[in-house]
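Chains as they are written, first to last, in this note's numbering: chain A, 1052 to 1248; chain B, 1299 to 1562.
For reference, the structure discussed in these notes is given below.
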Amino acid sequence: MLAADSVLLYHTDPVPLHKPVSEPKRRFEQLVLPHFDAAYNLARWLTRNDHDAQDVVQEAVLRAFRFFDGLRGEARPWLLSIVRNTFLTWVQVNRPADTVEFDDALVEIIPTDEDGPEIQAARNFDRKMLNEAIAALPLQFREALILRELEDLSYKDIARIVDVPIGTVMSRLARARRLLAESLGATSNISGTQVHK
Amino acid sequence: MTREEANRLLHAYIDGELDPAKTLELEAHLAENPSVRAACERLREMSAAIRDKADYHAAPAWLEARVRAAIPAGPENVSARPAWWRWLKPAGSFAVAADWMRPAASFAAVALVTWVVALGVMRPGEDERITQEVLASHVRATLANRYYDVASSDQHTVKPWLSARLAFSPPVADLSASGFELAGGRLDYIGAQPVAVLVYKRRAHLIDVFVWPVEAQKSEQTSTRDGFNIEHFAKNGMDYWLVSDLSRSELNDLAQLIAEYSAP
């Protein structure tokens, strides 16, 4: 009965498109659920296993529906930011030992004249090794890399999702790629970076 | 352009995020420096290799079906309200009501909720009752323009002031480096006990952080009431309730900062 009321209202009393009042589930399915795979992919790379990713995504999507009114602009970055926040909450409850550290002192790169050459010929990367190396990256670098390379999001969108300035996105990505190159080309000459711990 | 700067800008360049002026500058530098050019190529290859070889985890079909089924069919903002809410409004006015309900400070609605609670019409669970109480306290402070009993951005002033008046000593974090300025503290009475309220400031938003000792580790929760976001967690023997009209993600950030600070 409620649904019928809503449909009627929708025709007689049109509301702006970004303010879903009637049939929110249908609109949510149209706008947000097409990005279910993106949500899962991010959750899977954050949690690093299927079971936890399923929990996080389910919770995140239901949360997204509750806050559907708050959607402004594109649905995919919005949904991904909810996935990320849900993940951070989830970590605190379920994996308190994996305290999430966002220490951007780690990001600082001290360039030298040799900065750069240690990035290996990437075409030789072994698929399995590459996936393992990405999974082993610290969270803030891993998420930046996944959002950029697998979700193909702009720095601006990533900045919004991760809630840091665009400059930080850039340095995290640079650091992510360098860490990855280091771990994949462990035998090569590694120089030009210093990790502050 | 120095070599250092060129190396720094390469990432933005291959990501197509460099502005036109810097792009020209960098390209001129690349033309002159074969080694930076080679580094640029390797970076591009690496990016291409990640896109090509890193696993893209598509969701299992059953999961999407399950989540789809779990989404409530009715309008959430209506069905989420207690049943009594529905008879307070004439039928068919949901669209209009939802519109005026949305502004951040819908005080009338808040007052109504607290009034109903006061009358004992609802018999909410413990968490629900505390949610109502902390929300009411926050709104009361806003309406009365009485945010704190002790106004200070110094944690070493606020903490002793609160400790002297309570049977416990609440952790008071200085989070100004993260953009949350301590504005002060006050006392209130929540869940039949005196509690500490830390008041933080973020831009024009005030955030109330209610703190009191708790025995059991309770699950955390978030909710939104009448435009206010509420975040709850327990850490190291203390219960924390955050209430503000600040955005959900920023409030969540503050909750995490406090949780980190309160870690044993």
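Ideal placement from N, C-alpha and C gives every residue a C-beta, glycine not left out.
Identity of the residue in A/Trp1141, A/Glu1194, A/Leu1084, A/Arg1223 nearest B/Arg1366 by Cα: A/Leu1084
A/Val1083 in three-state terms, based on DSSP: coil
CA-to-CA distance, A/Gly1236 to A/Phe1116, given in whole angstroms: So the two alpha carbons sit approximately 44 Å from each other.
Short CB-CB distance (under 9 Å) between A/Arg1228 and chain B: In terms of beta-carbon proximity, A/Arg1228 lines the interface with chain B, with at least one pair separated by less than 9 Å.
Exposure of B/Pro1358, with buried meaning 16 or more beta-carbon neighbours within 10 Å: exposed
Interface partners of A/Val1108 on chain B, CB under 8 Å: Ala1357, Leu1361, Val1365
Beta-carbon proximity of B/Ser1467 to B/Ser1476, cut-off 9 Å: no
B/Val1470 and B/Val1456 closer than 9 Å at C-beta: yes
N-terminal and C-terminal residue of the alpha helix (DSSP H) that B/Asn1527 is part of: Where B/Asn1527 is concerned, there is no enclosing alpha helix (DSSP H), although the beta strand (DSSP E) it sits in stretches over 1526 to 1533.
Beta-carbon proximity check, B/Val1512 vs B/Ala1532, cutoff 9 Å: Yes, they are a contact pair.
At least three beta-carbon pairs within less than 8 Å, the segment 1134 to 1150 of chain A to the segment 1116 to 1125 of chain A: no
Contact belief for A/Glu1183 with B/Ala1352 at Cβ below 8 Å, rounded distance in angstroms: So it is not a contact: roughly 11 Å between Cβ atoms.
Element boundaries [beta strand (DSSP E), containing B/His1503]: 1503 to 1511
Cβ separation of A/Lys1207 and A/Ile1217, assumed to be a contact under 8 Å, to the nearest whole Å: 6 Å
Check whether A/Ala1186 and A/Arg1223 have beta carbons under 9 Å apart: no
Interface residues of chain A facing B/His1503 [CB-CB closer than 8 Å]: Near B/His1503 there are no residues of chain A at all, since even the closest Cβ is about 15 Å away, more than 8 Å.
Neighbourhood of B/Ile1428 by C-beta, 7 Å cutoff - its chain only, sequence neighbours within 5 removed: Ile1488, Gly1489, Trp1539
Contacting positions in the segment 1322 to 1354 of chain B - beta carbon closer than 8 Å to chain A: Ser1333, Val1334, Ala1336, Ala1337, Arg1340, Leu1341, Glu1343, Met1344, Ser1345, Ala1346, Ala1347, Ile1348, Arg1349, Lys1351, Ala1352, Asp1353, Tyr1354
Continuous alpha helix (DSSP H) stretch holding A/Asp994: start and end: Because chain A spans 1052 through 1248 in this model, residue 994 of chain A falls outside it and cannot be assessed.
Span of the beta strand (DSSP E) around A/Arg1193: Taken as a continuous stretch (DSSP letters only), A/Arg1193 belongs to no beta strand (DSSP E), being part of the alpha helix (DSSP H) at 1190 to 1196.
DSSP three-state assignment for B/Arg1444, whether helix, strand or coil: coil
Residue of A/Phe1079, A/Asn1092, A/Ile1209, A/Ala1232 minimising C-alpha distance to A/Met1335: Residue numbering for chain A in the displayed model covers 1052 to 1248; residue 1335 of chain A lies beyond these limits and cannot be assessed.
Members of the segment 1485 to 1514 of chain B that neighbour chain A once the beta carbon cut-off is set at 7 Å: none
Buried versus exposed, by CB contacts within 10 Å (16 or more), B/Asp1524: buried
Cross-strand partners of B/Arg1631 (DSSP beta bridge): Here chain B comprises residues numbered 1299 to 1562, so residue 1631 of chain B is not present and cannot be evaluated.
Proximal chain A residues relative to B/Pro1318, where beta-carbon distance stays under 8 Å: The contacting residues do not exist; B/Pro1318 stays about 16 Å from chain A at best.
Reduced DSSP secondary structure (H/G/I, E/B, other) of B/Thr1300: Collapsing the DSSP output to three states places B/Thr1300 in coil.
Close Cβ partners of A/Ala1227 (< 8 Å) along its chain, the five nearest in sequence each way excluded: Leu1188, Phe1192, Arg1193, Ala1195, Leu1196
DSSP-derived helix/strand/coil call for A/Glu1169: Its pLDDT being 49, under 50, A/Glu1169 is placed unreliably in this model, and the coordinates cannot settle the point.
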